[in-house]
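Heads up, the sequence shown is in the working numbering, so the first residue is 25 and it goes up one at a time. Think of the CB as a built atom: it goes at the ideal place given N, C-alpha and C, for glycine as much as any other residue.
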Amino acid sequence: MKAIFITGTDTGIGKTFISGLLLREFNALKLQTFAIKPLASGCYSSSSGSLKNEDAQYLQAHASIKQPYVVVNPFALKEPIAPHLAAQEMGINLSKQAVKNSILSSIQADADINIIEGIGGWAVPLNDEELLSDVISELHIPVLLVVGIKLGCLNHSILTYKNILSTRVPFIGWVANCLVPNMPFIKENIYTLQKWINRPCLGIVPYHCESLGHIQIQEILNFLLQ
Numbered sequence: 025m026k027a028i029f030i031t032g033t034d035t036g037i038g039k040t041f042i043s044g045l046l047l048r049e050f051n052a053l054k055l056q057t058f059a060i061k062p063l064a065s066g067c068y069s070s071s072s073g074s075l076k077n078e079d080a081q082y083l084q085a086h087a088s089i090k091q092p093y094v095v096v097n098p099f100a101l102k103e104p105i106a107p108h109l110a111a112q113e114m115g116i117n118l119s120k121q122a123v124k125n126s127i128l129s130s131i132q133a134d135a136d137i138n139i140i141e142g143i144g145g146w147a148v149p150l151n152d153e154e155l156l157s158d159v160i161s162e163l164h165i166p167v168l169l170v171v172g173i174k175l176g177c178l179n180h181s182i183l184t185y186k187n188i189l190s191t192r193v194p195f196i197g198w199v200a201n202c203l204v205p206n207m208p209f210i211k212e213n214i215y216t217l218q219k220w221i222n223r224p225c226l227g228i229v230p231y232h233c234e235s236l237g238h239i240q241i242q243e244i245l246n247f248l249l250q
């Protein structure tokens with residue numbers, strides 16, 4: 025399975041933004057790309073009456089392989105709350121097997137890279153007993169962690185990193201996404217994370233930057249090919 029799962033240290037830390045930049049980089053290398061957001065809460069009613077999510081549409085627009093919206097976002101949930109709660113509000117029973125099946129159905133076999141974007145952070149409940157991370161672990165999809173660089177990121181990042189390792193899922197590395205303008209000691213925070221996370225920092229995205237700069241795209245590709 026030629027896929028990468030994009031997770032984050034929290035919600036609102038730039039998973040979609042980083043996923044879009046990665047798609048652009050892979051497209052520039054003439055690779056066929058596809059993007060999936062299996063779960064999306066906070067959807068609006070489109071003109072056709074179906075629910076759609078802006079993040080999922082962003083991914084759909086930036087992938088080189090085009091598919092209907094429902095393939096990109098199988099579970100479109102209306103309320104902008106935790107997915108298991110949003111699903112309950114709609115009478116939808118989220119389960120590990122259902123989400124797993126949706127990912128496997130959406131994966132494009134002819135894509136060189138399938139980017140799968142998570143929702144919220146790493147340990148997101150699907151119900152009272154199962155997490156989204158359980159799905160990724162069972163599918164054994166390599167994970168790339170987006171770290172939102174802000175106050176509190178050290179705790180969130182180290183805890184997330186250790187939990188990812190405990191699931192034995194392949195861990196590619198992490199990207200530092202700087203969220204705060206002129207954050208004090210930003211270099212020192214990133215240096216601390218480099219010491220605690222025993223995986224490569226694949227790139228640092230400055231605040232409000234529209235480029236991944238020197239992200240190590242080739243290292244990601246090498247990881248997937250090994």
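Three-way DSSP call (helix, strand, coil) for residue i in this model
i      : result
Ser70  : coil
Val159 : helix
Lys90  : coil
Lys76  : strand
Thr57  : strand
Ile196 : strand
Val259 : This structure leaves residue 259 out entirely; the chain is present only between 25 and 250.
Beta-ladder partner(s) of residue i, from DSSP
i      : result
Asn201 : Gly172 and Val229
Ala100 : Ala64
Ala110 : Answer by DSSP bridge pairing: none, since Ala110 is not bridged.
Val95  : For Val95, which the question treats as bridged, DSSP gives no partner whatsoever.
Val167 : Phe29 and Phe195
With 16 other Cβ atoms within 10 Å as the buried cut-off, status of residue i
i      : result
Phe209 : exposed
Glu141 : buried
Asp34  : buried
Tyr68  : exposed
Cys233 : exposed
Gln84  : buried
Gly172 : buried
Asp134 : exposed
Val229 : buried
Gln242 : exposed
Limits of the beta strand (DSSP E) - the one that residue i falls within
i      : result
Gly27  : With the sequence shown as reference, residue 27 is identified as Ala, and Gly is not the correct amino acid for it. That run of the beta strand (DSSP E) goes Ala27 to Gly32.
Leu141 : It is Glu, not Leu, that sits at residue 141 in the sequence shown. First-last of the beta strand (DSSP E) with Glu141: Ile137 to Glu141.
N-terminal and C-terminal residue of the alpha helix (DSSP H) that residue i is part of
i      : result
Phe247 : Ile241 to Leu249
Arg48  : Lys39 to Ala52
Worksheet item: Pairing CB atoms from the region 96 to 111 with CB atoms from the region 62 to 76, are three or more of them under 8 Å?
Response: The region 96 to 111, when compared against the region 62 to 76, does touch it at the 8 Å Cβ threshold.
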